[in-house]
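Engineer:
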Amino acid sequence: MRLALAAACGLGQNDIMNEDLQIICIGSVLWDVIGRSASNMRQGSDVPGHITRLPGGVALNIAMTFARFGLRPVLLSTVGRDPEGNELIEACEALGCDTQFVYRSEDLPTDRYMAVEGANGLIAAIADAHSLERAGSRILQPLTDGSLASADKPFKGAVAVDGNLTAALLDEIARDPAYDGTDLRIAPASPGKAERLMPFLRAGRGVLYVNLEEAGLLCQTTFDSAPLAAAKLVERGAARAIVTNGGDAAADAIPGSIIAERPPEVLVTRVTGAGDTFMAAHIVADLGGAGRAEALSLALDAAATYVSGDIPS
1 MRLALAAACG LGQNDIMNED LQIICIGSVL WDVIGRSASN MRQGSDVPGH
51 ITRLPGGVAL NIAMTFARFG LRPVLLSTVG RDPEGNELIE ACEALGCDTQ
101 FVYRSEDLPT DRYMAVEGAN GLIAAIADAH SLERAGSRIL QPLTDGSLAS
151 ADKPFKGAVA VDGNLTAALL DEIARDPAYD GTDLRIAPAS PGKAERLMPF
201 LRAGRGVLYV NLEEAGLLCQ TTFDSAPLAA AKLVERGAAR AIVTNGGDAA
251 ADAIPGSIIA ERPPEVLVTR VTGAGDTFMA AHIVADLGGA GRAEALSLAL
301 DAAATYVSGD IPS
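Residue numbers (the UniProt record's numbering): 1 to 313.
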């Protein structure tokens, strides 16, 4: 799987990052319940299809992509001690993720996500990440108690953070000096949670991964293209902004420079997890030494391969 995804992204074996590299994924780890139909759907549609339950959540989707590159990402999240949680932890370990630092509570049930997809894309979705929100800063304890890092020895690697965390906790991460040396990569999780990333704009910290709608919500406007959106995010304070726009051009902006590229045209068979796959592949390419244009291209190729169904869930 490691070489298969690398080949899909255009990376050679020597381009894959060192297996000993430690990378942390903070956010939602839950069960995805996805209903998919080959029919076009609208509100009230009742059509045949397939319903699956898979390990998911933004942080876990990102981590699973890292694992496909041969890395062993560390998960910081919460999973219940219920039967669903025990099964999920086993599944995460089997997928190559390190779960030893996941916060587990008898009082918090395992979170879930439910979505319905048709031939015309995502119809509706509900994310039940209440346990993650209630766990709050307890999931970050390994970064301060010496398990992974401490105040004296802060973590210096890459950290992917998703917007399923509470606004207060995201604000804390954006402002905390303990993350000054951390390579923060942030995604909103959904348009409904995009505005939770405002602290990272104000702090000028981290790399933001958003789609066109989420960029508009952060900038309190609408955009016709990803390059315009990425430029505006940087103007509003983002250190770096990566903006996707479905089958249209995606963009990578830093102060004084914007690059853009269109994704490959493929037959879309699924959409849930595509953005997370894009983000993880981009981080791998970026940290592996690829230039900005190459990293964007490789990430778009990886996402296209994923939505076409060529990479297993």
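Glycine included, each C-beta is placed from N, C-alpha and C at the ideal position.
Quick check: the region 22 to 32 against the region 107 to 127, are there 3 or more CB pairs under 8 Å?
Structural biologist: yes
Engineer: Given a cut-off of 7 Å on the beta-carbon distance, is the pair residue 109 and residue 80 in contact?
Structural biologist: On the sequence shown, residue 109 is found 109 positions in, with the first residue counted as 1. On the sequence shown, residue 80 is found 80 positions in, with the first residue counted as 1. In contact: residue 109 and residue 80 (Cβ atoms closer than 7 Å).
Engineer: Between the region 157 to 164 and the region 269 to 285, do at least 3 Cβ pairs fall closer than 8 Å?
Structural biologist: yes
Engineer: Excluding the five sequence neighbours on either side, which residues of its own chain have a C-beta within less than 7 Å of the C-beta of residue 292, listed in chain order?
Structural biologist: Here residue 292 refers to the residue found at position 292 of the sequence shown. Excluding residues within five positions, the ones whose Cβ falls inside 7 Å are 252 and 259.
Engineer: Can you tell me whether DSSP reads residue 58 as helix, strand or coil?
Structural biologist: By 1-based counting over the sequence shown, the position of residue 58 is 58. In this structure, residue 58 counts as helix in the three-state DSSP scheme.
Engineer: For residue 25, which of helix, strand or coil comes out of DSSP?
Structural biologist: As a first step, residue 25 is located in the sequence shown; it is residue number 25 there, counting from the start. Strand.
Engineer: Given that a residue counts as buried once 16 or more other Cβ atoms are within 10 Å of its Cβ, and exposed if not, what is residue 267?
Structural biologist: As a working mapping, residue 267 is identified with position 267 in the sequence shown. Per the 10 Å Cβ criterion, exposed.
Engineer: What does the alpha-carbon distance come out to for the pair residue 20 and residue 155?
Structural biologist: On the sequence shown, residue 20 is found 20 positions in, with the first residue counted as 1. On the sequence shown, residue 155 is found 155 positions in, with the first residue counted as 1. Any reading at residue 20 is ruled out, since the residue's pLDDT is 48, under 50, leaving its predicted position unreliable.
Engineer: Taking the alpha-carbon positions, what's the residue 241 to residue 254 distance?
Structural biologist: By 1-based counting over the sequence shown, the position of residue 241 is 241. By 1-based counting over the sequence shown, the position of residue 254 is 254. Distance between the alpha carbons of residue 241 and residue 254: 7 Å.
Engineer: Can you tell me whether residue 214 is helix, strand or coil according to DSSP?
Structural biologist: Taking the sequence shown and counting its residues from 1, the one referred to as residue 214 is at position 214. Of the three classes helix, strand and coil, the one that applies to residue 214 here is helix, per DSSP.
Engineer: Using 8 Å as the threshold, is the region 201 to 218 in touch with the region 178 to 192, meaning 3 or more CB pairs across them?
Structural biologist: The region 201 to 218 vs the region 178 to 192: in contact.
Engineer: Does the Cβ of residue 256 have 16 or more other Cβ atoms within 10 Å, making it buried, or fewer, making it exposed?
Structural biologist: The sequence position of residue 256 within the sequence shown is 256, counting from 1. Classification of residue 256: exposed, given that the 10 Å Cβ count is below 16.
Engineer: Can you give me the C-alpha to C-alpha distance between residue 234 and residue 165, rounded to a whole angstrom?
Structural biologist: For this step, residue 234 is matched to residue 234 along the sequence shown. For this step, residue 165 is matched to residue 165 along the sequence shown. C-alpha separation (whole angstroms): 23 Å.
Engineer: Measure the Cβ-Cβ separation of residue 238 and residue 201 and say whether it is below 7 Å.
Structural biologist: Looking up residue 238 in the sequence shown gives position 238. Looking up residue 201 in the sequence shown gives position 201. A contact, by the Cβ cut-off of 7 Å.
Engineer: If the criterion is Cβ atoms closer than 7 Å, does the pair residue 286 and residue 295 meet it?
Structural biologist: The residue labelled residue 286 in the question sits at position 286 within the sequence shown. The residue labelled residue 295 in the question sits at position 295 within the sequence shown. Yes, the pair counts as a contact, with Cβ atoms nearer than the cut-off.
Engineer: Name the two residues that bound the continuous beta strand (DSSP E) containing residue 186.
Structural biologist: What you label residue 186 is simply residue 186 of the sequence shown in a count that begins at 1. Looking at the DSSP string, the run of the beta strand (DSSP E) that includes residue 186 is 183 to 187.
Engineer: Would you say the region 116 to 123 touches the region 38 to 58, given that touching needs at least three Cβ pairs under 8 Å?
Structural biologist: yes
Engineer: For residue 9, does the three-state DSSP call read helix, strand or coil?
Structural biologist: The count along the sequence shown starts at 1 and reaches residue 9 at position 9. Reliability of the predicted coordinates at residue 9 is poor, the pLDDT of 45 falling under 50, and the value obtained from them is presented with this limitation in mind. Residue state, collapsed to three classes: helix.
Engineer: Taking Cβ to Cβ, would you say residue 272 is nearer than 7 Å to residue 23?
Structural biologist: Here the question's residue 272 lines up with position 272 in the sequence shown. Here the question's residue 23 lines up with position 23 in the sequence shown. Result no, Cβ atoms of residue 272 and residue 23 do not sit closer than 7 Å.
Engineer: Kindly indicate the opening and closing residues of the alpha helix (DSSP H) around residue 305.
Structural biologist: Start at 1 with the first residue of the sequence shown, and residue 305 comes out as number 305. Here the alpha helix (DSSP H) through residue 305 covers 292 to 307.
Engineer: Rounded to whole angstroms, what is the Cα-Cα separation between residue 302 and residue 106?
Structural biologist: Start at 1 with the first residue of the sequence shown, and residue 302 comes out as number 302. Start at 1 with the first residue of the sequence shown, and residue 106 comes out as number 106. Distance between the alpha carbons of residue 302 and residue 106: 38 Å.
Engineer: Does residue 314 pass the burial test, meaning 16 or more other C-beta atoms within 10 Å, or should it be called exposed?
Structural biologist: Because the chain in this structure spans residues 1 to 313, residue 314 falls outside the shown range and cannot be described.
Engineer: So within the region 127 to 157, which uninterrupted alpha helix (DSSP H) runs reach at least 4 residues, ignoring any that extend past its ends?
Structural biologist: Fully enclosed alpha helix (DSSP H) runs of 4 or longer: 130 to 135.
Engineer: Would you check if the distance between the CB atom of residue 75 and the CB atom of residue 99 is smaller than 7 Å?
Structural biologist: In the sequence shown, residue 75 corresponds to position 75, counting from 1. In the sequence shown, residue 99 corresponds to position 99, counting from 1. Against a cut-off of 7 Å, the Cβ pair of residue 99 and residue 75 comes out as a contact.
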